[in-house]
């Protein structure tokens, strides 16, 4: 199948209108972000604590919010996480003075008091580690191995504890004693000891992230610096390999892409975190990549026919590279799209940036980059100076 | 087959074989990041000013001591900052004496007279050295503690070459709170003589002690507190002890410590003293039989038993400990005290369940995305599509081979990087194929169209990939952990796709074209 064979679209003709459309679009999105009120900065950049918890029952967000505010965590942000059947929730708090090392202790004990009030023991299988479980089993010695040798007994119970907790490692949460009786390393006596001395709490902690305000400020600074320096790096590379006018065109196109994607990202309510920066940097790379291929063709065509006007050469080059531009964007869209829909919550915001980035980047490499390179030529070029 | 085809084919075969060998079996050869296998990532800050301050106090005491010995008994000092203090009560005609003492006993200090007082300032190089040593020693201490914990492949290192931060990464740890406590535990152990109640034990209130000293504590005595436990080990109250300021011994005098069982079958810590420590301890306990000896840990009294006999080189710390507490306490006592306090700046703990889930979802997205790309290439380029598919498959093999070979870590964003590479790797193929089509449209023969296509597309392919590589380099520079993993897979993917799209793909074309003398049609 061949797309766009021998097309002669006059891309440059309406360039002024497209530039106006882009500028208006950027202004509207940025304005909307400011009116909307805030950038949703994640704990990576402002500091704070984020706890991911898995429950037996689907968590009720309002109830969790109430639990948190009773515990004195006033500004907790709570949202469900993962797909519906997974019963996971994400609790995020900002940094509290005197609690710079994180609020995870406060959050978890508040949850414990609310959901595990009727606990039958002080050993929660859903929260404790394998080493303490091994110690507990060693103490009760259900398999009668202590008389032989203490060392052997420790090793034995270490293994039993590991295989018990392997279930939690796979599923995230213990929900029934039956799941334990199927494990071959767990004897009937061990199961009895576990039933008597432990309980299965209502929730398990899947992840804890805590970032101090100092680190947050640093990451913010480093993130902005990384994006700016990568832009400068691109400009210098294109300047060096091509000419300054192309570098200018590519730079304007990239800044255009980053601003639009950032605006839409903020409007969609996604959280800004380290992965967002990674997404934006990749977008910078992709956007320039797309543009450079067009410029490469412009340069080649200019060498061949020196007489032609730059604007005509650009039009010709855009048409020649059109099917490549569309096809590459298409395959990239296929993968980032599947990442967005199938890749899970953690990668969704990242995939969102790239999906938008590929679309906007393709548009800008046609309608923004070349017109601005032309503009540079018209203002500073040889013909302008004559 | 021409010789060129043979050696190029062999080179490709060798590259693939090396990649396969280094990556097989995948589950053993690839390092999974903490976000995929679960574990704890900590960034902690050593409060280095504490170390400087304690050095200042030590040197200051030394100075006063030496000046007294030199007959300047009226000297008094006052701390002004973590690395400075003022000396008073020394007449200016005795400055020569001060110079002598400072040169001999306080190297690394500078001083200047301001009228009545002399200001002491630690030299910058000296303070920097103390800060550096504090961090190095903290890394060492934490490493000792973590080693005792039995974590496989822990990472404990100073962040950057300068600075006071330490990064600790412990894969597979499932009890983060315990680990954090263990690492942070300063475990400053002291043995101090009890002055009231004289035989040891404590009293119920602070007032009781103050009454004993008629409202005014002697300068060498202070009041410390300790918890009271019931038989189950739960804290049921607090009691007070009057103890001497100066410890008889500290944790530094310990040779080793081990968990043990006491006479009532309760967990205890057995400790063994160094030769020097043993002499001091024997002297002190011998002279104070019948008095109380407080075991003080981080400023809290653990227990204050009665000294029944002279103790020479070993002893027992009894308290209301659980077995786990006894193990952890022995560990920190053995590993030595931290030179300064520690603050946690960043903690990221991921349970294995979440990581497993991420791997599955990432894998699914990757497989489906790749299938769609393969399908597209077939639809668009027909027979030549196979060429792109082969290049794509080799690309993935090379990425995993390189990851395994360089011991790089695969993270969740790293998986995203591989998936993204799949989409972008075909770009180089697309550039070349489009160019070949163009040349065919211009009426060239298949062979010369392929030649021209590769030749003309080369500069575009290089430029396009180098720009992405530049972005990946900045990403690597910026990123920590997972993000760095993304930069790594993206960079490797780009390099691999350059190899497959330019070298391998060309070889496949040449191989097909060499079969027949004249090729009339190319399925593209």
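Protein chains in written order, with this note's numbering: chain A, 1 to 386; chain B, 1001 to 1524.
Glycine residues also receive a C-beta, built at the ideal position from the N, C-alpha and C atoms.
Keep in mind the model is a prediction, meaning the values are calculated, not measured.
Between residue 211(A) and residue 65(A), what straight-line distance do the alpha-carbon atoms span, to the nearest angstrom? 21 Å
Keeping to the same chain, check which residues put their C-beta closer than 7 Å to that of residue 1066(B); ignore five residues upstream and five downstream. 1101 and 1105
Mind reading off the beta-carbon distance from residue 1304(B) to residue 1201(B)? Whole number of angstroms is fine, and I expect it under 8 Å. 6 Å
Count the other C-beta atoms from every protein chain shown that fall within 10 angstroms of the C-beta of residue 376(A), then say buried if there are 16 or more, exposed otherwise. buried
Three CB pairs or more closer than 8 Å across the stretch 1340 to 1349 of chain B and the stretch 1033 to 1044 of chain B: yes
Could you check if residue 14(A) belongs to the surroundings of the ligand COA, using beta carbon to heavy atom distance under 7 Å? Ligands displayed in this structure: none; no statement on the ligand COA is therefore possible.
Contact between the stretch 238 to 252 of chain A and the stretch 63 to 77 of chain A (3+ Cβ pairs under 8 Å): no
Report the start-end ranges of each beta strand (DSSP E) in the stretch 1263 to 1324 of chain B that is 3 residues or longer and not cut off at the edges. 1267 to 1273, 1293 to 1297, 1300 to 1303 and 1314 to 1317
Buried or exposed for residue 1099(B), going by 16 or more other Cβ atoms inside 10 Å? exposed
Nearest CA to the CA of residue 166(A): which residue from 1353(B), 1445(B) and 1036(B)? 1353(B)
N-terminal and C-terminal residue of the beta strand (DSSP E) that residue 56(A) is part of: First-last for residue 56(A): undefined, no H or E at that position.
From the DSSP output, in three-state form, read off residue 286(A) for me. helix
Name the chain B residues that come within less than 7 Å of residue 207(A), Cβ to Cβ? 1349, 1350, 1351 and 1354
Would you kindly report the start and end of the unbroken beta strand (DSSP E) that includes residue 1061(B)? Looking at the DSSP string, residue 1061(B) is not in any beta strand (DSSP E); the run it does join, the alpha helix (DSSP H), is 1048 to 1069.
Boundaries of the beta strand (DSSP E) in which residue 191(A) is found, first to last residue: Note, residue 191(A): premise wrong, no beta strand (DSSP E); alpha helix (DSSP H) at 188 to 197.
Compare the Cα-Cα distances from residue 209(A) to each of 12(A), 313(A), 98(A) and 108(A) and report the closest residue. 108(A)
Determine, using beta carbons only, whether residue 324(A) comes closer than 8 Å to chain B. yes
Output the residue ranges of the beta strand (DSSP E) runs that lie fully inside the stretch 40 to 88 of chain A and measure 3 residues or longer, sorted by chain position. 48 to 55 and 77 to 81
Using only alpha-carbon positions, find the residue among 1128(B), 1131(B), 1092(B) and 1108(B) that is nearest to residue 1117(B). 1092(B)
The stretch 1321 to 1345 of chain B: positions lying closer than 9 Å to chain A by Cβ: 1322, 1323, 1324, 1327, 1343, 1344 and 1345
For residue 1236(B), does the three-state DSSP call read helix, strand or coil? strand
Name the chain A residues that come within less than 7 Å of residue 1361(B), Cβ to Cβ? 342, 343 and 344
Length of the line joining the Cα atoms of residue 254(A) and residue 1502(B): 27 Å
To the nearest angstrom, report how far apart residue 100(A) and residue 213(A) are at their CA atoms. 7 Å
What number of angstroms, rounded off, separates the C-alpha of residue 1248(B) from the C-alpha of residue 1277(B)? 9 Å
On a CA-only basis, which of 192(A), 299(A), 267(A) and 264(A) is nearest residue 239(A)? Give me that one, please. 299(A)
What would DSSP say about residue 386(A), mapped onto helix, strand or coil? Caution applies to residue 386(A), whose pLDDT of 49 falls short of 50 and renders its modelled position unreliable; the value that the coordinates give is listed next. If DSSP states are grouped into helix, strand and coil, residue 386(A) belongs with coil.
If you follow the beta strand (DSSP E) that residue 1190(B) is in, where does it begin and where does it stop? 1189 to 1196
Need the endpoints of the beta strand (DSSP E) that residue 213(A) sits in, please. Taken as a continuous stretch (DSSP letters only), residue 213(A) belongs to no beta strand (DSSP E), being part of the alpha helix (DSSP H) at 213 to 241.
Just the chain B side, please: which residues come within less than 7 Å of residue 288(A) by C-beta, in chain order? 1467
Grab me the residues of residue 367(A)'s own chain with a C-beta within less than 6 Å of its C-beta, minus the 5 sequence neighbours each way, in chain order. 18
Looking at residue 256(A) and residue 80(A), is the spacing between their C-beta atoms short of 8 Å? no
Quick check: what's the CA-CA separation for residue 1311(B) versus residue 1335(B)? 23 Å
Contacts that residue 1471(B) makes with chain A (C-beta to C-beta distance below 7 Å): 230, 281, 282, 284 and 285
Does residue 15(A) pass the burial test, meaning 16 or more other C-beta atoms within 10 Å, or should it be called exposed? buried
Starting from residue 1137(B) and walking both ways along the beta strand (DSSP E), at which residues does that stretch end? It is not in any beta strand (DSSP E) - residue 1137(B) instead sits in the alpha helix (DSSP H) that spans 1124 to 1149.
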